[in-house]
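Peer 1:
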Amino acid sequence: MQTKRMTFSSRWLPYALLAPQVLITLVFFVWPASQALWQSMLREDPFGLRSTFVWFRNFERLFADPHYLDAMKTTAIFSVATTFLAMAVSLLFAVMVNRMLRSRDWYTTLLVWPYAVAPAIAGVLWWFMFNTSVGIVPYMLQGFGYDWNHRLDGTDAMILVVIAAAWKQISYNFLFFLAGLQSIPQSLIEAASIDGAGRIKRFWTIVFPLLSPTTFFLMVVNVVYAMFDTFGVIHATTEGGPARATNILVYKVFRDGFVGGNLGSSAAQSVILMAIVIVLTVIQFRWIERRVNY
Amino acid sequence: MVQNDRFGTFLAHLILILGVGIVVFPVYVAVIASTHAPGTFLQGVMPLLPGSHAIENYSEVIFQGRSTAGAPPIGLMLWNSFVMAMMIAVGKIAISLLSAFAIVYFRFRFRIFFFWIIFITLMLPVEVRIVPTFEVVANLNLLNTYAGLTIPLIASATATFLFRQFFMTVPEEMLEAARVDGAGPMKFFRDILLPLSVTNIAAMFVIMFIYGWNQYLWPLLITSDEGYYTVVMGIQRMVTGADSEPLWHLVMATVVLAALPPILVILFMQRLFVKGLTETEK
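Residue numbers (this note's numbering), protein chains in the order written: chain A, -18 to 275; chain B, 3 to 284.
1) Give me the DSSP bridge partner(s) of A:D23.
2) Could one say the Cβ of A:P95 lies closer than 8 Å to chain B's Cβ atoms, at least one of them?
3) So the candidates are B:Y30, B:I57, B:Y213, B:A104; which of them puts its Cα closest to the Cα of A:A(-3)?
4) Just to check my reading of the structure: A:P100 and A:K149 have Cβ atoms closer than 8 Å, yes? What is that Cβ distance to the nearest angstrom?
5) For B:V289, which residues from the same chain have a beta carbon less than 7 Å from its beta carbon, with the 5 sequence-adjacent residues on both sides left out?
6) Cα-Cα, which of B:L196, B:L18, B:K189, B:L249 is closest to A:R80?
7) Where does B:V4 land, buried or exposed, given buried means 16+ other C-beta within 10 angstroms?
8) From the DSSP secondary-structure annotation, give me the bridge partner or partners of B:F108.
9) What residue does the alpha helix (DSSP H) around A:A207 start on, and which one ends it?
10) Assuming A:T90 is part of the alpha helix (DSSP H), what are its boundary residues?
11) Using CA coordinates, which residue listed in B:P134, B:V182, B:P127 is at the minimum distance from B:S158?
12) In chain A, which residues lie with their C-beta within 9 Å of the C-beta of B:N216?
13) Does the structure place the segment 13 to 26 of chain A close enough to the segment 244 to 255 of chain A that three or more beta carbon pairs sit under 8 Å?
14) Against chain A, with Cβ distances strictly below 8 Å, would B:A244 count as a contact?
15) Skipping 5 residues on each side, what residues in its chain have a beta carbon closer than 8 Å to that of B:S226?
16) Closer than 6 Å by C-beta to B:L155: which residues in its own chain qualify, once you throw out the five before and the five after it? Chain order, please.
17) Among B:L20, B:A140, B:R109, which residue has its Cα nearest to the Cα of A:V8?
18) What residue does the alpha helix (DSSP H) around B:L195 start on, and which one ends it?
19) Would you please verify whether the beta carbon of A:R180 is less than 8 Å from any beta carbon of chain B?
20) My output table needs one value for A:Q150: the three-state DSSP class, helix, strand or coil.
21) Counting only runs of 4+ residues fully inside the segment 18 to 68 of chain B, write out the alpha helix (DSSP H) ranges in chain order.
22) Evaluate B:Q217 with the Cβ neighbour count: other Cβ atoms within 10 Å of its Cβ, from every protein chain shown; 16 or more gives buried, anything less gives exposed.
23) Quick check: the Cα distance between B:L13 and B:N59, rounded to an integer number of angstroms?
24) Are B:V2 and B:M79 closer than 8 Å when you measure CB to CB?
25) Along the chain, where does the alpha helix (DSSP H) that runs through B:L124 open and close?
26) Under 8 Å, Cβ to Cβ, is there at least one residue of chain A near B:T123?
27) Hey, B:Q238 and A:A217 are a contact pair by Cβ (cut 8 Å); roughly how many whole angstroms apart?
28) Return the Cβ separation of B:H251 and B:S54 in integer angstroms, given the expectation that the two are a contact with Cβ distance under 8 Å.
29) Threshold first: 3 residues or longer. Then list the beta strand (DSSP E) segments lying entirely within the segment 172 to 251 of chain A, N to C.
30) Using 8 Å as the limit for Cβ to Cβ distance, is A:Q150 near chain B?
31) May I ask which residues mark the beginning and end of the alpha helix (DSSP H) holding B:T166?
32) Taking 8 Å as the threshold (C-beta atoms), are B:V33 and A:P95 in contact?
33) For B:P221, which of helix, strand or coil comes out of DSSP?
34) Just to make sure I have the definition right: I need the residues of chain B whose C-beta is within less than 9 Å of the C-beta of A:L141. Which are they?
Here it is, written out as structure tokens:
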């Protein structure tokens, strides 16, 4: 990692400048993370008086626990569905907006603001839209003969949280897709057009492949978002229910740690989540390095 | 030249208008719901045109809250959210500027090591280490304080990376000229580097303000005293606080008030926001 060619020299100043950030990181990030690692190998007795070192027993128990495996499956379904929905819709919007000249900025303004809405608020907004007694969507669905009830039906509840989580993420994806589309050389598209390729063919054979770095980057970001930032969506609406149908991993860590009081298991779950974040971050940075090279 | 088909453009507009309509609709419904009298929601599906109780509903949530369900007045929560968002945004920018300056303009022992320590924060979101972080904050006696709400969230690798990236593009001649004129490091930082970074600082501010305002899980854990509730976490209490059906007109008034400030920030500073977003993530 490089510095400037010419630098200041001081024995203590750089350390003083770094001190606030490093201190906060050590106290609130590194120390709790190592605590989580340590706690994940302890088991407390039912009264919380004594704890014994149990090596990887907590992890073994987790992977033998059907509830945990279910939560993993739920998380996988939830993140894949959210990522796909958020990306597909915003790619469609970006492609359409990219054709416009005068109205481009207007559409962009109308599409960016959901980024500012907190996940919990997005959850409540859609929770209200889908409310079984006053909501508009169930009312309309009834017209089609579908009886919507996210309080009893797990699939309905999952659809609700996926829509709420994806809605908020559309603006982010849209901005990146639009930037990606604008960096594709117009000459390539014109060449294909001269060769007689229609709009749809041009999109799938030229635009979409050239957009793949953006798509890949957004995929990682969206999966991270769906797995870790959607706590508010779940907590403010379904609370993991009905019958754990929307019990995703971050929500389970919170439940088991704060409501259930099972610290060893909660810490073990934290450690697994950290491992997942680290893998995703490494993938993301690998990709950045690759893109810088060409 | 790519052919210009009228029909295709028309279709694109149609799709976009429909799409924007669907994206905006939930917020429209929330605004409408917040203007109706409580009785409206007992009569079945909610109306789509504004009612006449806007002023009553909003003044009720802002000044009175719902004391029966344990929800304090929103006015206070809005203020807490504002303080939290400002402290996080300003704090993050300040410490990141300093550490980026140290990393770019000095050579010292363990530089790479410090860089990695900062980098680690990217990998450990609050959600994955809640219990131990909560214990640290509790041991430091920071529960129910503004310090507890903000300091643990202030360390930020993204802001440090952005400023580092930007400092690397500042021409070498700036530093040489400053040194010829006898300026020390802090004078150079204050009089040259800071003025050059104004746009980046503003862009970062927009992103971090929104980040701070929208915090949910952290204030939920750290505050048990109503005086420190923030508005985003307060909503949850209104939705699930009582056993009965939520008082939708008040819940939606709260939702509108909680979502409005960050939305306004984005709309008024759209260009800075897009810059901040696309440049930090690269």
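For glycine and all other residues, C-beta sits at the position ideal for the given N, C-alpha and C.
Peer 2: Short version:
1) Correcting the residue identity first, residue 23 of chain A is Leu in this sequence and not Asp. Answer is A:F34, bridged to A:L23.
2) yes
3) B:A104
4) 6 Å
5) Not covered by the structure: residue 289 of chain B. The range shown for chain B is 3 to 284.
6) B:L18
7) In this predicted model, B:V4 has a pLDDT of only 48, less than 50, meaning its place in the structure is not dependable; the value taken from the coordinates is given anyway. B:V4 should be labelled exposed.
8) A:F(-11)
9) Neither: A:A207 is in no alpha helix (DSSP H) and is coded neither H nor E.
10) 85 to 93
11) B:P127
12) A97, V98, A99, P100, A101, I102, G213
13) yes
14) Low local confidence applies: a pLDDT of 48 at B:A244 is under 50, so the model's placement there is unreliable, and no value is given.
15) L145, N146
16) I90
17) B:A140
18) Per DSSP, B:L195 belongs to no alpha helix (DSSP H) and is neither H nor E.
19) yes
20) helix
21) 56 to 61
22) buried
23) 41 Å
24) For chain B, the structure presents residues 3 to 284; residue 2 of chain B sits outside this window and is missing.
25) That residue, B:L124, is in no alpha helix (DSSP H); it is neither H nor E in DSSP.
26) yes
27) 5 Å
28) That belief does not hold up - the Cβ atoms of B:H251 and B:S54 are roughly 12 Å apart, past 8 Å.
29) none
30) no
31) The identity of residue 166 of chain B in the sequence shown is Arg, whereas the question assumes Thr. First-last of the alpha helix (DSSP H) with B:R166: 159 to 171.
32) no
33) helix
34) None at all; the shortest Cβ gap to chain B is about 12 Å.
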